[in-house]
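Asker:
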Amino acid sequence: MGGGRGGGRRISSADEDLQRRLNADAPQIPHLSRRIRGLFAGYRNPLILIVILVLFSAALSVLPPLLTRAVFDDALFSPDGLNLSLLVRLTVMMIALFALTGGLGVWQTYLTASVGNSVMGSLRTRMFEHLQRMELNFFTRTKTGSIQSRLQNDVGGVAGVLTNAVSNVLGNTVTVIAAAVAMLLLSWQMTIVAFILMPVLVLAQRRIGRVRARIASATVESLAEMSAITQETLSVSGVLLAKSFNRQPAEVERYRQANREQVRLQVRQAMSGQWFFATVSIFLSSIPAVVYLLAGLMIGQGVATVTAGTIVAFTAAQSRLMFPLLGLMRVALDVQTSTALFARIFEYLDMTPAIRDRRGAQPVPERIGSIELDRVSFQYPDAVAAAVADPDAIPAPTLNGVSLRIEEGQFVAFVGPSGSGKTTLSYLIPRLYDVTDGAVRVSGIDVRDLQHESLVARVGIVSQETYLFHDTIAQNLRYARPDATDEELRAAARAANIHDTIESFADGYDTVVGERGYRLSGGEKQRVAIARVLLKDPDILILDEATSALDSTSERIVQDALDQASRGRTTISIAHRLSTVRNADCIYVVRAGRVVERGTHTELMAAEGLYAELYRERDVRESA
Numbered sequence: 000m001g002g003g004r005g006g007g008r009r010i011s012s013a014d015e016d017l018q019r020r021l022n023a024d025a026p027q028i029p030h031l032s033r034r035i036r037g038l039f040a041g042y043r044n045p046l047i048l049i050v051i052l053v054l055f056s057a058a059l060s061v062l063p064p065l066l067t068r069a070v071f072d073d074a075l076f077s078p079d080g081l082n083l084s085l086l087v088r089l090t091v092m093m094i095a096l097f098a099l100t101g102g103l104g105v106w107q108t109y110l111t112a113s114v115g116n117s118v119m120g121s122l123r124t125r126m127f128e129h130l131q132r133m134e135l136n137f138f139t140r141t142k143t144g145s146i147q148s149r150l151q152n153d154v155g156g157v158a159g160v161l162t163n164a165v166s167n168v169l170g171n172t173v174t175v176i177a178a179a180v181a182m183l184l185l186s187w188q189m190t191i192v193a194f195i196l197m198p199v200l201v202l203a204q205r206r207i208g209r210v211r212a213r214i215a216s217a218t219v220e221s222l223a224e225m226s227a228i229t230q231e232t233l234s235v236s237g238v239l240l241a242k243s244f245n246r247q248p249a250e251v252e253r254y255r256q257a258n259r260e261q262v263r264l265q266v267r268q269a270m271s272g273q274w275f276f277a278t279v280s281i282f283l284s285s286i287p288a289v290v291y292l293l294a295g296l297m298i299g300q301g302v303a304t305v306t307a308g309t310i311v312a313f314t315a316a317q318s319r320l321m322f323p324l325l326g327l328m329r330v331a332l333d334v335q336t337s338t339a340l341f342a343r344i345f346e347y348l349d350m351t352p353a354i355r356d357r358r359g360a361q362p363v364p365e366r367i368g369s370i371e372l373d374r375v376s377f378q379y380p381d382a383v384a385a386a387v388a389d390p391d392a393i394p395a396p397t398l399n400g401v402s403l404r405i406e407e408g409q410f411v412a413f414v415g416p417s418g419s420g421k422t423t424l425s426y427l428i429p430r431l432y433d434v435t436d437g438a439v440r441v442s443g444i445d446v447r448d449l450q451h452e453s454l455v456a457r458v459g460i461v462s463q464e465t466y467l468f469h470d471t472i473a474q475n476l477r478y479a480r481p482d483a484t485d486e487e488l489r490a491a492a493r494a495a496n497i498h499d500t501i502e503s504f505a506d507g508y509d510t511v512v513g514e515r516g517y518r519l520s521g522g523e524k525q526r527v528a529i530a531r532v533l534l535k536d537p538d539i540l541i542l543d544e545a546t547s548a549l550d551s552t553s554e555r556i557v558q559d560a561l562d563q564a565s566r567g568r569t570t571i572s573i574a575h576r577l578s579t580v581r582n583a584d585c586i587y588v589v590r591a592g593r594v595v596e597r598g599t600h601t602e603l604m605a606a607e608g609l610y611a612e613l614y615r616e617r618d619v620r621e622s623a
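Residue numbers (numbering that gives the first Met the number 0): 0 to 623.
(1) Taking all protein chains shown into account, decide if A249 is buried (16 or more other Cβ within 10 angstroms of its Cβ) or exposed.
(2) Of the choices T162, L398, S145 and E612, whose alpha-carbon is the least far from that of S113?
(3) How do the region 341-349 and the region 86-99 stand: do at least 3 beta-carbon pairs fall below 8 Å, yes or no?
(4) Helix, strand or coil for R597? Go by DSSP, reduced to three states.
(5) From the DSSP output, read off the bridge partner residues of G459.
(6) Please work out which residues of its chain come closer than 6 Å, Cβ to Cβ, to A479, disregarding the five sequence neighbours upstream and downstream, and give them in chain order.
(7) T540 to R34, Cα distance in whole Å?
(8) Mind pulling the alpha helix (DSSP H) runs of 4 or more residues that sit fully within the region 84-118?
(9) Anyone know if the C-beta pair for L38 and L122 falls short of 8 Å?
(10) For G625, I'd like the list of residues in its chain whose CB is within less than 6 Å of its CB, leaving aside the five on either flank, ordered along the chain.
(11) DSSP three-state label for P26, please.
(12) Rounded to the nearest angstrom, how far is the Cβ of L360 from that of Q450, given a contact under 8 Å?
(13) Given that a residue counts as buried once 16 or more other Cβ atoms are within 10 Å of its Cβ, and exposed if not, what is A545?
(14) Quick one: grab the DSSP three-state call for R581.
(15) Could you spell out the range, first to last residue, of the alpha helix (DSSP H) harbouring F71?
(16) Quick one: what does DSSP say I370 is sitting in, helix, strand or coil?
(17) For the region 465-483 and the region 411-431, state whether three or more C-beta atom pairs, one from each stretch, are separated by less than 8 Å.
(18) Can you look up Q256 in the DSSP assignment and give me helix, strand or coil?
(19) Quick one, which of F468, I49, A495 and T484 has its alpha-carbon nearest T510's?
(20) Output the distance between the C-alpha atoms of L580 and A574, rounded to the nearest integer angstrom.
(21) Spatial neighbours of L454 within its chain, please: C-beta separation below 8 Å, excluding the five flanking residues on both sides.
(22) Mark N171 as exposed unless 16 or more other C-beta atoms lie within 10 angstroms of its C-beta, in which case mark it buried.
(23) Just to confirm, are L603 and I571 a CB contact at a threshold of 8 Å?
(24) Taking the C-alpha atoms as reference points, what is the distance between F137 and T351?
(25) Is the distance from the Cβ of P537 to the Cβ of G443 below 8 Å?
(26) Roughly how many angstroms lie between the CA atoms of R576 and A438, to the nearest whole one?
(27) Enumerate, from N- to C-terminal direction, the unbroken beta strand (DSSP E) stretches of 3 or more residues contained entirely within the region 428-486.
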């Protein structure tokens, strides 16, 4: 790929810069909590209903301790003896209360799960949609596995917060308040003892939350690295590479080390705060024993009269306080931990695509064809960033002052040494990159003044590295036009010289091509790709070294298909094998980012310049 060759030496540093930018601490993202709340903006009615259910359920939670006291003091151990009818009524009331609370809990869980997972799904889709709009340069400098990790691990990591935070925080808060009120009504002295250490626990919880947030950030980074290793090594290309160089043991060891680090971080994350919660649990669990002792002291010293029912009811209320209070602390820790993940998610969403429509951009005219490059210069963005960081090490531009014109319907070729900028020139036409200086015009209109989607829709690209999905041949062809009929598929395949080959397969057009099309030969994959472009029916066709990886027999077949594809279209061929462009209307010879020669094959051979030298080198190689 021309982009890779033009900026390959600087990708590593650019990737490191990107990772530093994406791994920024959560506090550097402004209004993070406001943005998290904004995710729920479209779910107002369900949220109101959840709030009502939570408040009602929490309000009901204050009744069991009071009913418990009535059972002990008024029914079981009343001054007048056992009151069986009152005991039956109180028992029925308690059972009905528990049944009502359970039913409300199920309804509340359904609503919170629906809202939380809908928000998470929308967030994942929004992130995927945003990534689809990012420029090509973003993907050439970022590992695919890292991107996948952002979509899966980061968004999945906040799922619990999105699903449960609202109901848990609100429900537990109201339950704690209700339990505290019940405890105060029963005995304010014992309530003070129960809450005396709460401020210390809250401060400790906040400190632990910050530690867990840092561990969570390191954990998701480790997961991203594992995803990148998996994507690189378990793809068909990665497996073939590892097998051909006998590097499977090394790849296993690399994965083992990354997995070992992930395990270490997961253990740290699981254990962080465990001693704190153990201490809180011990403290809260010990309160009943302290209450019994305090009640005994109060009774013994005559400070106050405390009934058995009050003691039992108070411990029941305190037990209802324990789990919601622990839940609140855990939710607070989860929210603190998730801020690191939310920061990473919003960091991606805040990146502005480099290629976007200008204000007032117009759709592409009904028919386009002529192409003009007017004093075009270009430098890859990572090279520009490196130059800003170190002005003394400014690299030469990939393209420098290129001017040329291609008429509608012409067949032209870009040739030259590797890394000279041929592919980069072709990338500027569909605006996969924007020029650094100068202008690229299509039918007289600057491509930056055209709506990008409509421009790309009129340009077809056949590259050396053919990409096919793990699907049927028919579905791979319909990627260009989902509404294409079977007859249109066959017509495109015939034009690409692949129809008879497809029909020879047992499943015909329903043949599954395998990962990246590896069940097909190189020539077959390339012809399927040509058929796909023909089905798109573009006005401008770019052939990026489309036959350079093929043997001579496959090359002839594919070349015939390319000749058919280029008829009636403005065609640009980036050629490594010069024999494929001998009949071009014009050949542009590119060296070091400049067009140094132009003309027909005959004219360039007569000029005895770089083209003639490259052509003779080809003859020498083929004769050898």
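Beta carbons are placed, not taken as given, at the ideal position from N, Cα and C, and that holds for glycine.
In this text, all values refer to a predicted model and were calculated from it rather than measured experimentally.
Answerer: With the given structure in hand:
(1) With fewer than 16 other Cβ atoms within 10 Å, it is exposed.
(2) The candidate whose alpha carbon is nearest that of S113 is T162.
(3) Taking 8 Å as the limit for Cβ pairs, the verdict is that the region 86-99 does not touch the region 341-349.
(4) The answer is strand: DSSP assigns R597 an E or B state.
(5) DSSP output for G459 lists L540 as bridge partner(s).
(6) The beta carbon of A479 lies closer than 6 Å to those of R531, L534 and K535 in the same chain, with the five residues before and after it left out.
(7) The amino acid at residue 540 is misidentified as Thr; the sequence shows Leu. Approximately 44 Å between the Cα atoms of the pair.
(8) Listed in chain order, the alpha helix (DSSP H) elements of length 4 or more contained wholly in the region 84-118 amount to none.
(9) Their beta carbons are under 8 Å apart, which means L38 touches L122 by this criterion.
(10) Examination of residue 625 is not possible in this model, given that the chain is present from 0 through 623 alone.
(11) Per-residue confidence for P26 stands at a pLDDT of 41, beneath the threshold of 50, marking its modelled position as unreliable; the derived number appears in the next sentence. In this structure, P26 counts as helix in the three-state DSSP scheme.
(12) For the sequence presented, residue 360 should be read as Ala rather than Leu. Sure, about 5 Å apart at Cβ, within 8 Å.
(13) Here A545 is buried, its C-beta having at least 16 other C-beta atoms within 10 Å.
(14) It is coil, neither helix nor strand.
(15) From DSSP, F71 is part of no alpha helix (DSSP H); its letter is neither H nor E.
(16) It is a strand residue.
(17) At 8 Å Cβ cutoff, the stretches do not touch.
(18) Here Q256 sits in helix by DSSP.
(19) Ranking the options by Cα distance to T510, first place goes to F468.
(20) The displayed chain sequence assigns Val, not Leu, to residue 580. The alpha-carbon atoms of V580 and A574 are separated by roughly 7 Å.
(21) Excluding sequence neighbours, L454 sits near V363, P429, R430, V441 and V446.
(22) Only buried fits N171, as 16 or more other CB atoms lie within 10 angstroms of its CB.
(23) Cβ distance not < 8 Å, so L603 and I571 don't count as in contact.
(24) Cα-Cα distance, rounded: 11 Å.
(25) Their beta carbons are not under 8 Å apart, which means P537 does not touch G443 by this criterion.
(26) Cα to Cα, R576 sits roughly 29 Å from A438.
(27) Runs found: 436-441 and 458-462.
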